[in-house]
Amino acid sequence: MKTIILAGGLPSTLIEEDEKLPKPMAEIGGRPMLWHIMKQYSYYGCNDFIICTGYKGEVIKDYFMNFYIYQSDITVDLQSNEVQVHRKQTEDWEVSIIDTGRDASVLERLLQASEYTEGEQVFVSYGDCLSNIDINKLLTYHREGGALATFAVAHPTGRNEVLSIDLEGNYQQIRQFKTQDAWVNACSMVLEPEAFEKLRAGMKKSKAISVIDCLAGEITVQTYQHDGFWSPVETIRDKTWMETLWASGNAPWKVWED
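Numbering (the numbering used here), first residue to last: 1083 to 1340.
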């Protein structure tokens, strides 16, 4: 089963200004965040990936073109240009990298990726979130529910305040709420082939509409409630936290064995 990863957004704000990279290529523990996401899906047997690129997509292409070189020790003969690879390490992945445009919307990226899905059911993941969602349970829940789209949802990370605003848009107060009562999009979903037709129709009305809003009014959409770890990686603070978790040896999203 193929997994689409959305990796074409704006340049990362997680690293220095002169080293701007696609956000999924920001490193955690010496590996791109994109690698961490793919390792999670691979643990559950999903080894066929479609990566939607945009900003500096060539960085992602270069990474995978030379993946085994980056993973292994090498000896280079500079006169003959021969490369000897020692302790070759790689992954059992098939990776399609498609340039979906720097300014494309999520809908546009998904529709371009659908040309590579062969009309099959697919996973979709954002390239800037980490979680320990059980992908097999998500898929089982999706299939048992019979929906055309299933979105994983999780509790918010708790760093945001909810503002109370009246009908005229005037601020009233910060609304107190319990995070365990709220759910947000956890950046993982399962889509049936028919869902792409609805996305195509929805994009004709608005390219800016979210995937879940585009589908909700048209087809059966269900949510899979994930009570475990989930976090977007959007700020330096987020990245520092992920680095700390990884260095501890107990990163909750690391479900695979070394």
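Ideal Cβ positions, reconstructed from N, Cα and C, are used throughout, including at glycine.
- Within the segment 1304-1334, the beta strand (DSSP E) runs of at least 3 residues that lie entirely inside it are, in chain order, 1312-1314.
- Straight-line measurement puts the Cα of W1328 at about 31 Å from the Cα of I1294.
- If you keep only unbroken beta strand (DSSP E) runs of at least 3 residues inside the segment 1104-1177, you get 1130-1135, 1155-1159 and 1164-1168.
- Going by DSSP, A1277 is part of the alpha helix (DSSP H) stretching over P1275 to K1287.
- DSSP places V1337 in the coil class of the three-state scheme, outside both helix and strand.
- Short of 6 Å from the beta carbon of P1334, and not among the five residues preceding or following it, lie these beta carbons of its own chain, in chain order: N1214 and F1311.
- Nearest to E1190 by C-alpha distance, out of L1221, E1109, K1321 and C1296, is C1296.
- 9 Å or more divides the Cβ of K1121 from the Cβ of Y1150.
- Counting along the chain, T1222 sits inside the alpha helix (DSSP H) bounded by residues I1217 to G1227.
- If you draw a straight line from the Cα of K1287 to the Cα of G1112, it is about 42 Å long.
- For L1212, the enclosing beta strand (DSSP E) begins and ends at C1211 to S1213.
- The C-alpha of N1148 is placed about 12 Å away from the C-alpha of I1156.
- The three-state secondary structure of A1236, taken from DSSP, is strand.
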